[in-house]
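Below is one structure; the comments refer to it alone.
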Amino acid sequence: MLDDFFIRALIAGIGVAIVTGPLGCFVVWRRLSYFGDTLAHSALLGVTLAYSMEFNIAFSVFIISSLIALTLIQLQKKTNLPGDALLGLLAHSSLAIGLVVIGFLSFIRFDIMGLLFGDILAVTVDDLLIIWIGGALILLILRLIWKPLFASTVNYELAEAEGLNPDRAKAIFTILMAAIIAISIKMVGLLLITGMLIIPAAMARNISSSPQKMVMYSIIGGLLSVILGLFSSLEFNTASGPSIIAASLFLFILSLLNIKQSIKLKN
Amino acid sequence: MSSNQNILVKLNEAGFSLNNKWLVKGVSLQVEKGKIVTLIGPNGSGKSTTAKIALGIYKNIDGSVEKYTNKVGYVPQKISIDWTLPLRVNDFMVLTESINNDLIDEALSLTGVTHLKDKNLGDLSGGEFQRVLLARAISKKPELLVLDEPVQGVDFTGEIALYELIKKISDELNCGILLISHDLHTVMSATDHVVCLNGHVCCSGSPMDVAKNNEYKALFGEQASQILSRYEHRHDHIHTSEGEIKKN
């Protein structure tokens with residue numbers, strides 16, 4: 026069964042969607058979508074380094090993205106530049122360095138489009154293991170830091186005052202972000218990973234009344250997007266990443282109809 | 010102030026500066042089990058800063074703070090909640106500690122907001138939200154309560170009831186309370202120890218001692234002392250006048 030590339034892609038996509046659901050909610054709640062973009066851009070550097078040293082792509086991306094995240098935290102402490110300027114600086118400089126490195130690696134054949142937008146043909150059995158084991162670890166750790174992370178997302182001072190150690194939770198969450206980008210890059214592509222994180226969560230926000238429900242709907246939305254997107258990718262021969270994101274946009278638009286109805290009810 | 014096992018939090022010459030400006034400096038105080046310590050002082054005198062030092066929110070402080078409990082309930086003066094979060098009162102109640110439903114209901118009914126349990130936090134009025142904040146802080150039966158103007162925006166009768174509730178909690182749970190209040194009536198009637206701040210500790214002691222202090226009079230005006238003496242002689246009328254003192 027795993028011989029069929031489409032089945033492999035489907036299993037990979039389902040694994041990715043289950044993890045991006047809850048993480049995406051935190052990205053929306055904590056306003057981290059540009060942070061996600063920055064990590065994703067830096068992933069290109071990780072991929073090129075993986076190719077040049079014949080190293081596993083997911084591990085390489087994870088390490089580079091984590092380094093970029095830690096650099097960002099240091100820069101925030103040491104400079105007076107606003108956060109978005111620092112994010113732009115890191116995103117584009119790491120993207121540029123990644124592209125320069127590609128230029129030096131002319132002896133390797135690069136599928137740039139696959140890298141940027143995802144390629145379902147490229148998902149191997151090893152990738153499935155990385156996605157499902159890595160994903161399970163991410164969810165387990167997120168479960169462990171849920172309380173301090175969520176409390177500090179609502180209000181930092183309450184969490185700190187009542188002894189929850191929000192700084193540690195934030196640092197761990199940053200590493201989890203790097204990890205999800207690393208495991209989902211082959212499926213969605215580095216330009217569209219942030220979309221996979223925020224669009225299902227944004228859709229879920231429109232139809233949920235509690236944080237738990239939002240996480241649940243976000244996972245369901247991600248799963249539907251992956252299944253719809255992959256089937257249409259197969260049907261119309263389009264890249265997997267854009268197809269998945271387009272499907273999630275479709276679900277988001279449906280969720281807007283729900284909002285309009287509830288506003289009407291209120292009036 | 011003798012040192013004993015009842016101390017919950019103790020500040021020794023504590024101070025905090027931001028951008029080379031002292032917000033508050035040289036504050037020594039301690040909160041003990043079952044006691045209410047109140048911080049008073051004009052706007053910008055460092056009351057909230059002192060509370061945050063006591064809570065450990067500010068890290069790079071001058072002096073030292075010793076905290077002997079981790080069971081803390083906090084009602085901040087200002088709280089901004091991001092409405093990208095779908096958060097009901099019920100979710101907010103278990104924000105920092107998972108407590109069972111009975112405790113949630115009990116706390117909500119004590120502050121008179123049981124009917125709001127399933128409402129979205131964003132839909133509450135200022136006074137309702139303040140009651141929920143207080144309910145959340147007391148629901149987990151803390152050893153130390155830090156209340157930064159806990160009844161702001163609450164209606165007049167509610168205000169009296171909530172201050173009575175605070176006093177009751179301090180007695181029943183035997184918890185220590187660090188209270189910040191502008192209502193001098195309450196301060197003088199329910200408090201064990203008053204610390205008068207103005208960037209530093211102006212004076213401190215029992216409510217009666219503080220009221221007689223000249224620095225206190227200079228800070229709040231003669232009228233403030235009169236309020237106190239009025240209170241002292243007419244216990245049955247403490248809430249009838251509009252007690253807010255205008256401060257510069």
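Chains as they are written, first to last, in this note's numbering: chain A, 26 to 292; chain B, 10 to 257. Cβ coordinates follow ideal geometry from the N, Cα and C atoms, glycine included. As the structure is a computational prediction, the values presented were derived from the model and not from experiment.
Item to complete: Give a yes or no on whether the minimum CB-CB distance between A/N292 and chain B is below 8 Å.
Response: On the first sequence, position 267 is the one that residue 292 of chain A refers to. Note that A/N292 scores a pLDDT of 48, beneath 50, so its modelled location is shaky; the value from the coordinates is reported in the next line. Closer than 8 Å: no.
- [ ] Could you say which of A/S280, A/L255, A/I36, A/I197 lies nearest to A/Y242 if we only look at CA atoms?
- [x] Counting from 1 along the first sequence, the entry for residue 242 of chain A is found at position 217. Among A/S280, A/L255, A/I36, A/I197, the Cα nearest to that of A/Y242 belongs to A/S280.
Practice task
Can you give me the Cβ contacts of A/I170 inside the same chain, cut-off strictly under 6 Å, excluding the 5 residues immediately before and after it?
Solution key: Reading the first sequence from its first residue, position 145 is the one you call residue 170 of chain A. Closer than 6 Å at Cβ, skipping near neighbours: A194, I197.
### Query
Among B/E224, B/A227, B/V204, B/V219, which has the Cα closest to the Cα of B/A259?
Because residue 259 of chain B is not part of the residues shown, which for chain B are 10 to 257, the question remains open.
Write down every uninterrupted run of the alpha helix (DSSP H) in the stretch 35 to 106 of chain B whose length is 4 residues or greater and which is fully enclosed by it, in chain order. 56 to 64, 98 to 102
message: For B/S277, report the span of its alpha helix (DSSP H) as first-last.
response: The requested residue 277 of chain B does not occur in the structure, where chain B is confined to residues 10 to 257.
Apart from the five residues just before and just after B/K19, which ones in its own chain have a Cβ nearer than 6 Å to its Cβ?
One-based indexing of the second sequence puts residue 19 of chain B at position 10. Closer than 6 Å at the Cβ level, and outside the excluded window around B/K19, lie Q39, E75.
* Asked: How would you list, in chain order, the residues of chain E whose beta-carbon sits under 9 Å from the beta-carbon of B/G65?
  -> Absent from the structure: chain E. Protein chains present are A and B.
Exercise for review: Taking 8 Å as the threshold, find out whether the stretch 122 to 132 of chain A comes into contact with the stretch 97 to 109 of chain A through three or more Cβ pairs.
Suggested key: no
Determine whether the Cβ of A/V44 lies closer than 8 Å to any Cβ atom of chain B. As a working mapping, residue 44 of chain A is identified with position 19 in the first sequence. Judged by the 8 Å Cβ criterion, A/V44 is not in contact with chain B.
*In chain order, what residues of the same chain lie with their CB nearer than 6 Å to the CB of B/T120, ignoring the 5 residues before and after it?*
Here residue 120 of chain B refers to the residue found at position 111 when the second sequence is read from its first residue. For B/T120, where only same-chain residues beyond five positions count, the Cβ hits under 6 Å are R140, L143, A144.
- prompt: Hey, does B/P91 have any beta-carbon neighbour from chain A nearer than 8 Å?
  reply: Here residue 91 of chain B is taken as the residue at index 82 of the second sequence, counted from 1. Before going further, note that residue 91 of chain B is Asp rather than Pro in the sequence given. Judged by the 8 Å Cβ criterion, B/D91 is in contact with chain A.
*Contacts that B/Y83 makes with chain A (C-beta to C-beta distance below 8 Å)*: Within the second sequence, the letter at position 74 stands for residue 83 of chain B. In chain order: E182, L183, A186, E187.
Checklist line | Outcome for A/R230 when other beta-carbon atoms lying within 10 angstroms are tallied against a minimum of 16 | finding: Here residue 230 of chain A refers to the residue found at position 205 of the first sequence. Buried, because 16 or more other Cβ atoms sit within 10 Å of the Cβ of A/R230.
Q) Taking Cβ to Cβ, would you say B/G185 is nearer than 8 Å to B/L64? A) Taking the second sequence and counting its residues from 1, the one referred to as residue 185 of chain B is at position 176. Taking the second sequence and counting its residues from 1, the one referred to as residue 64 of chain B is at position 55. No, the pair does not count as a contact, with Cβ atoms beyond the cut-off.
Can you check whether the C-beta of B/T105 is within less than 8 Å of a C-beta belonging to chain A?
Counting from one through the second sequence, the residue named residue 105 of chain B turns up at place 96. Under the 8 Å criterion on CB atoms, B/T105 is classed as interfacial with respect to chain A.
Margin query: With a threshold of 8 Å on Cβ separation, who are the neighbours of B/P95 within its own chain once the five nearest residues in sequence on each side are excluded?
Written below: Within the second sequence, the letter at position 86 stands for residue 95 of chain B. N129, listed in sequence order.
| request: Please report how far the alpha carbon of B/S198 lies from the alpha carbon of B/H191, in whole angstroms. | output: For the purposes of this step, residue 198 of chain B is taken as the residue at position 189 of the second sequence. For the purposes of this step, residue 191 of chain B is taken as the residue at position 182 of the second sequence. Those two C-alpha atoms are separated by around 13 Å.
Query raised in the report: Count the other CB atoms within 10 Å of the CB of A/W54; is the residue buried (16 or more) or exposed (fewer)?
Result: Reading the first sequence from its first residue, position 29 is the one you call residue 54 of chain A. Only buried fits A/W54, as 16 or more other CB atoms lie within 10 angstroms of its CB.
Worksheet item: Where does the unbroken alpha helix (DSSP H) through B/S198 begin, and where does it stop?
Response: Within the second sequence, residue 198 of chain B is the residue found at index 189, counting from 1. That run of the alpha helix (DSSP H) goes 193 to 199.
Review point. Does the beta carbon of A/A176 come closer than 8 Å to any beta carbon on chain B?
Key: Locating residue 176 of chain A in the first sequence gives position 151, where the first residue counts as 1. So yes, A/A176 belongs to the interface.
Q.
Just to confirm my understanding: we take A/K227, look at its own chain, exclude 5 residues before and 5 after, and list those with CB closer than 7 Å. What are they?
A. Residue mapping note: residue 227 of chain A aligns to position 202 of the first sequence, counting from 1. Lys is not the amino acid found at residue 227 of chain A; the sequence shown has Ala there. Hits under 7 Å: V53, F277.
Note down the Cα distance separating A/F31 from A/L64, rounded to an integer number of angstroms. The count along the first sequence starts at 1 and reaches residue 31 of chain A at position 6. The count along the first sequence starts at 1 and reaches residue 64 of chain A at position 39. Going by the C-alpha atoms only, they are around 28 Å apart.
Hey, how far is the Cα of A/L154 from the Cα of A/G49? Your numbering for residue 154 of chain A matches position 129 in the first sequence. Your numbering for residue 49 of chain A matches position 24 in the first sequence. A/L154 and A/G49: Cα-Cα distance of roughly 22 Å.
Point to revise | Interfacial residues, the stretch 214 to 245 of chain A to chain B, with Cβ spacing under 7 Å | key: R230, S233, S234, S235, P236, M239
task: Below 8 Å on the Cβ atoms is my guess for A/I39 versus A/V251; work out the distance and round it to an integer in Å.
output: Here the question's residue 39 of chain A lines up with position 14 in the first sequence. Here the question's residue 251 of chain A lines up with position 226 in the first sequence. Contact flag correct, Cβ pair sits at about 6 Å.
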